[in-house]
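Heads up: the structure comes next, in structure tokens.
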Amino acid sequence: MHDALVSKSGYHKEIDQALDDDFLRRTLDTFAVSYRANREAVFKDVDEKGLIKKIADAKDYACQHMEELYSKFKAEAEKRGVHVHRAKDAAEANRNIADIAKQNNVKRIVKSKSMTAEEIHLNTALEKEGLIVDETDLGEWIIQLRHEGPSHMVMPAIHLSRYQVADDFTKVTGEKQDTDIQRLVKVARVQLRRKFIAADMGISGCNFAIAENGAVTTVTNEGNARMVTTLPRVHVVLAGLDKLITKLEEVLDAVQVLPRNATAQRLTSYFTLMCGAGQCQAEGNDNGRKIMHVVFLDNGRTEIAKDPLFKQIFRCVRCGACANVCPVFRLVGGHKMGYVYIGSIGLILTYFFHGHDRARILCQNCIGCESCANVCSGGIELPRLTREIRARLNAEEGSPIEGTLMSAVMKNRKMFHNLMKFASFSTKPFTGGTQFIRHLPMAVLGKHGYKALPALASKPFRDKWSQIAPHVQNPKFRVALFAGCAQDFIYPEQLEAAVKVLAAKGVAVDFPMEQTCCGLPLEMMGQRKTSIDVANQNMAAFRGGNYDYIVTLCASCASHLKFGYSEILDGTASMLEAQSFGAKIIDFSSFVHDVLGLKPEDFNKSAQKVTYHASCHLCRKLNVHEAPRELIADAAEYVPCEEEEVCCGFGGTYSAKFPEISAQILNKKLDHVKETGASRLVVDCPGCVMQLRGGAEKRGMQVKVDHIAQLLAENLK
Amino acid sequence: MTPQELVEAFSAKAQAVNAVVQEVPTMAAALQYVVDVCANKAPAEILADEPGTEKGPLGPNKQPTRVQKIVAAPQLAEEDFALLAKSCEEKGFLCLREGVRKYLSGIDVGVGLAELGVAASGTCLCNTDNEDVRLSGMISEISILLLKKSTIYPDLPSIADKLRDRMGHGEPTYTTFITGPSRTADIERVAAVGVHGPLELHIILLED
Ligand code: SF4
Ligand code: SF4
Numbered sequence: 000m001h002d003a004l005v006s007k008s009g010y011h012k013e014i015d016q017a018l019d020d021d022f023l024r025r026t027l028d029t030f031a032v033s034y035r036a037n038r039e040a041v042f043k044d045v046d047e048k049g050l051i052k053k054i055a056d057a058k059d060y061a062c063q064h065m066e067e068l069y070s071k072f073k074a075e076a077e078k079r080g081v082h083v084h085r086a087k088d089a090a091e092a093n094r095n096i097a098d099i100a101k102q103n104n105v106k107r108i109v110k111s112k113s114m115t116a117e118e119i120h121l122n123t124a125l126e127k128e129g130l131i132v133d134e135t136d137l138g139e140w141i142i143q144l145r146h147e148g149p150s151h152m153v154m155p156a157i158h159l160s161r162y163q164v165a166d167d168f169t170k171v172t173g174e175k176q177d178t179d180i181q182r183l184v185k186v187a188r189v190q191l192r193r194k195f196i197a198a199d200m201g202i203s204g205c206n207f208a209i210a211e212n213g214a215v216t217t218v219t220n221e222g223n224a225r226m227v228t229t230l231p232r233v234h235v236v237l238a239g240l241d242k243l244i245t246k247l248e249e250v251l252d253a254v255q256v257l258p259r260n261a262t263a264q265r266l267t268s269y270f271t272l273m274c275g276a277g278q279c280q281a282e283g284n285d286n287g288r289k290i291m292h293v294v295f296l297d298n299g300r301t302e303i304a305k306d307p308l309f310k311q312i313f314r315c316v317r318c319g320a321c322a323n324v325c326p327v328f329r330l331v332g333g334h335k336m337g338y339v340y341i342g343s344i345g346l347i348l349t350y351f352f353h354g355h356d357r358a359r360i361l362c363q364n365c366i367g368c369e370s371c372a373n374v375c376s377g378g379i380e381l382p383r384l385t386r387e388i389r390a391r392l393n394a395e396e397g398s399p400i401e402g403t404l405m406s407a408v409m410k411n412r413k414m415f416h417n418l419m420k421f422a423s424f425s426t427k428p429f430t431g432g433t434q435f436i437r438h439l440p441m442a443v444l445g446k447h448g449y450k451a452l453p454a455l456a457s458k459p460f461r462d463k464w465s466q467i468a469p470h471v472q473n474p475k476f477r478v479a480l481f482a483g484c485a486q487d488f489i490y491p492e493q494l495e496a497a498v499k500v501l502a503a504k505g506v507a508v509d510f511p512m513e514q515t516c517c518g519l520p521l522e523m524m525g526q527r528k529t530s531i532d533v534a535n536q537n538m539a540a541f542r543g544g545n546y547d548y549i550v551t552l553c554a555s556c557a558s559h560l561k562f563g564y565s566e567i568l569d570g571t572a573s574m575l576e577a578q579s580f581g582a583k584i585i586d587f588s589s590f591v592h593d594v595l596g597l598k599p600e601d602f603n604k605s606a607q608k609v610t611y612h613a614s615c616h617l618c619r620k621l622n623v624h625e626a627p628r629e630l631i632a633d634a635a636e637y638v639p640c641e642e643e644e645v646c647c648g649f650g651g652t653y654s655a656k657f658p659e660i661s662a663q664i665l666n667k668k669l670d671h672v673k674e675t676g677a678s679r680l681v682v683d684c685p686g687c688v689m690q691l692r693g694g695a696e697k698r699g700m701q702v703k704v705d706h707i708a709q710l711l712a713e714n715l716k
Numbered sequence: 000m001t002p003q004e005l006v007e008a009f010s011a012k013a014q015a016v017n018a019v020v021q022e023v024p025t026m027a028a029a030l031q032y033v034v035d036v037c038a039n040k041a042p043a044e045i046l047a048d049e050p051g052t053e054k055g056p057l058g059p060n061k062q063p064t065r066v067q068k069i070v071a072a073p074q075l076a077e078e079d080f081a082l083l084a085k086s087c088e089e090k091g092f093l094c095l096r097e098g099v100r101k102y103l104s105g106i107d108v109g110v111g112l113a114e115l116g117v118a119a120s121g122t123c124l125c126n127t128d129n130e131d132v133r134l135s136g137m138i139s140e141i142s143i144l145l146l147k148k149s150t151i152y153p154d155l156p157s158i159a160d161k162l163r164d165r166m167g168h169g170e171p172t173y174t175t176f177i178t179g180p181s182r183t184a185d186i187e188r189v190a191a192v193g194v195h196g197p198l199e200l201h202i203i204l205l206e207d
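Read top to bottom, the protein sequences are chains A and B.
Quick note on numbering: numbering that gives the first Met the number 0 labels position 67 of the first sequence as 66, and the sequence is numbered without any gaps.
Quick note on numbering: numbering that gives the first Met the number 0 labels position 204 of the second sequence as 203, and the sequence is numbered without any gaps.
Structure representation (structure tokens):
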């Protein structure tokens, strides 16, 4: 089992290696693009969001009634001749299974894929007992031959090339093997058939354990699980307690989503329901019946089930979609994005099952783009949980120095804002009068040299406000601007452009001076206490203003103000205020498009070719898709960009923690922008402007990167 | 959906996952189809030791092939089986109704009866409680399922009650939903069929 997760430097080194692995990069890139299109196609014929909601509800119910379902399952399964066990931890489960093997005089075991078995390192435990264990899922078998762990929950060997597989198969068969994939698959067919025939015991995982009738199910494409559960005389099922589910209908709902999400299939080749110890005519089974055992694994699950927030991780059906859509996974692969469990859920499960040290390093590697939450079969709030783990680890073990420092500064708005002004003054010698810091020596920038860093504005927006505040007679709406740090201190011109548009269209605009950072960067660093302080300060700043809306030009601020505050203030006295505050938050594009109803007639349409990047939080958290695109088309010539809704790699503090990954994501984005031939790129978020403009500048691209408000202000009639 | 639409939707979805779908008028024609398929295929490879079995030349995977082809049809009604067995005999094929476990190293054709079909995904639900039935669908190079057109349902939720009935009586059951042949994309995401189970799946749609 790989384990680079013991030190931060080791982890970064492994990430660099992964980034240099051309094969891995190409494979994951191709997969990410084709998966997205194929997934969309197969979800067209079902109600995706409706089914996901059903799965979430069914799994939530099961989680809250775990004991009841366990008893019911046990009774029903025993009625049908199955032995049911319950293991409190990994060691006990391994012991149980080894004992079953011994009692039945088992020598050889075949296994079909089970992430739960990986969780408890079952193979190692059984091999220690002198048992021969063979994986039979092709991908699992390949990585077993290589003594590696899976790099994806559904496609465990996705990191390997046909050449590597051919070498491994050459070794295991003692014959030179061709690199033709169709041939290699047949090598496995031959080799593994022999193992199926020789085995005395089969071990399978289980996707669902149905309480109402004591059935277990497997979902496979290869058909190996059917053979594992049919050929040998003994069958052991290993299932986490979270696999329990109340009834059949819920399973039928879930299997409409699981394969679609996993591999963009409507259904896998085989979906099997084993209800009881059925017929088995293998030698040694006197009564012609299978010897069947189900071992339920607790391993902390009953405790997690009591956690008001984290209990939702049991909605996971291990479809792997959270890895499939993750821009970080796409770059670095599964071994760098999980320990046993892979992808977004892997970051979280590592904390619960495989130690806080590994989790501390891993849980940093999420950019917060929301792609995973957007597709998850169980509707799990994945990035939120990852942030929560950062907060918990900091609370349990103390936080790293950057976080503590940031907290110290942010707690006090005046001090923070004075520091920002001072920083503006002190970086001036490096800007050469442009918007970029040009002269900071590369030594200081190190890995951060992939983009030009912006300079702070000479005068923040808050200091300009008294001069530019417009006076609007008989306003249609009264709104307050929430600036966010980036626009207040780096890009005040974006806010000025917005104010121009709003005032021209009869909107009264206010700018409450007591507002401060939205607090998302603190959340990203796990600084929960200060992030709550900051949230309360902001709500107080807008209190009593009686605004129709609070408009923000930053998609990330918008999503944090709108949803994040209710999450972090859940259960406190401020919860209600957080909800009504959130209800007023709106992003700039939606406000001018949906609320003000700006139309083509409001603009002098320019002939400029303008392309778009959809900020993560705008398209996936706020679910805004049409408004900005229509606005661009009203004001200029809109040219769509390839992978428009894929992250730009910024992620706030993420780009500072993982510059090597951020840079690669950015590069891909800029390649796509270049292909459009557009001379201008607009976005709905100053963070994305910073990332994209910096990257474009560094590459010397002839493309102007702006906030969409600037495009609209320029072309307004 | 009308019955005809269900049949069309089922066929389209099944073909989309590489199943061969064939409409035939009668059981006799279906059985003839089975015999033809077996006659036209290369003899099955013997993937593992099978003492006492006569071995032919090496097949595509460098394994010896069967000299006598094997068809297993454990689920057929007695008179249908008799008919199939007779045609097989004429062709020199071994036709099995039980004892499939003796031939785990691979047979040519397995014939099964689908209990019902699911149009949304081109899926057949098979009662595989009987071990011979289960095995013949796993270790055959070509799996043939017979499905009555009148038993095609729109989607998974619409068959929930039938499935529950099957599983609710306290007797062990083993139910398999089959959607296309055995497949994998575990090496470089390249699709390949026939990793463990059948290399081909044929679905014969029967009039009632
Ligand atoms: S939020 Fe984005 S970066 Fe984070 S785990 Fe999910 S998909 Fe990956
Ligand atoms: S967390 Fe969601 S997306 Fe990820 S594997 Fe689990 S169910 Fe699938």
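All C-beta atoms, glycine included, are put in the ideal place defined by N, C-alpha and C.
Since the model is a prediction, treat every value here as computed from it, not as a measurement.
Residue-level contact check: I203 (chain B) does not touch chain A, since none of the beta carbons of chain A fall below 9 Å from its beta carbon.
Taking C-beta atoms under 8 Å as the contact rule, V327 (chain A) and C365 (chain A) qualify, at a distance of about 7 Å.
Think of a sphere of 8 Å around the beta carbon of F30 (chain A): the chain B residues whose beta carbon falls inside it are R188, in chain order. Put simply, the CB of A28 (chain B) is far from chain A, with every gap to its CB atoms at 9 Å or more. In the structure shown, N535 (chain A) adopts helical secondary structure according to DSSP, grouped into three states.
For C125 (chain B), the three-state secondary structure derived from DSSP is strand. The beta carbon of A84 (chain B) lies closer than 6 Å to those of C94 in the same chain, with the five residues before and after it left out.
The beta carbon of A320 (chain A) sits closer than 8 Å to at least one heavy atom of ligand 2. For G342 (chain A) against G367 (chain A), the beta-carbon gap comes to about 15 Å, at or over 8 Å, which does not count as contact. Relative to ligand 1, the nearest heavy atom lies less than 8 Å away from the CB of E369 (chain A). With 16 or more other Cβ atoms inside 10 Å of its own Cβ, V16 (chain B) counts as buried.
Per DSSP, the unbroken alpha helix (DSSP H) holding T403 (chain A) starts and ends at I400 to M409. Between the stretch 294-302 of chain A and the stretch 80-95 of chain A there are three or more C-beta pairs closer than 8 Å, enough to call the two in contact. Taking CB atoms only, G138 (chain A) has a neighbour in chain B less than 9 Å away. With at least 16 other beta carbons inside 10 angstroms of its own, I664 (chain A) counts as buried. A straight-line Cα-Cα distance of about 39 Å links I531 (chain A) and V609 (chain A). Excluding its 5 nearest sequence neighbours in each direction, E221 (chain A) has C-beta neighbours in its own chain below 7 Å: D136 and L137, listed in chain order.
In the DSSP assignment, Y548 (chain A) is bridged to A:V478. Secondary structure at T652 (chain A): coil, using DSSP grouped into helix, strand and coil. If you ignore the 5 residues before and after L669 (chain A), its C-beta comes within less than 8 Å of the C-beta of L691, G694, A695, R698 and M700, all in its own chain and listed in chain order. A straight-line Cα-Cα distance of about 41 Å links F30 (chain A) and V34 (chain B). Look at the beta carbons and you see the stretch 117-125 of chain B not touching the stretch 48-62 of chain B: under three pairs across the two are nearer than 8 Å.
Sequence-distant Cβ neighbours of E641 (chain A) in its own chain, meaning closer than 7 Å and more than five residues away, are H671 and E674.
Burial check for E199 (chain B): the Cβ neighbour count within 10 Å reaches 16 or more, so the residue is buried.
The beta carbon of S10 (chain B) sits no closer than 9 Å to any beta carbon of chain A. Relative to C362 (chain A), the option among A:C371, A:A372, A:V374 and A:L392 whose CA is nearest is A:L392. For C553 (chain A), the closest C-alpha among the options A:K561, A:Y546 and A:M291 is that of A:K561.
In this structure, the beta-carbon distance from E643 (chain A) to R619 (chain A) does not fall below 9 Å.
Distance from the CA atom of Q3 (chain B) to the CA atom of I244 (chain A), rounded to whole angstroms, is 36 Å. In the same chain as S160 (chain A), and ignoring 5 residues on each side of it, the C-beta atoms closer than 6 Å to its own belong to F22, in chain order.
If the five residues before and after V20 (chain B) are omitted, its C-beta is found closer than 6 Å to the C-beta atoms of S10, A13, Q14 and I202, all from its own chain and listed in chain order. Annotation for T385 (chain A) indicates a beta carbon within 8 Å of some heavy atom of ligand 1.
Residue side-chain check: I244 (chain A) keeps its Cβ at 8 Å or more from all non-hydrogen atoms of ligand 1. Here the C-alpha atom of S181 (chain B) lies approximately 7 Å from the C-alpha atom of H195 (chain B). Contact annotation for G222 (chain A) against chain B: M137, S181, H195 and G196 [CB-CB distance below 7 Å, chain order]. Under the three-state reduction of DSSP output, G109 (chain B) falls in the strand class.
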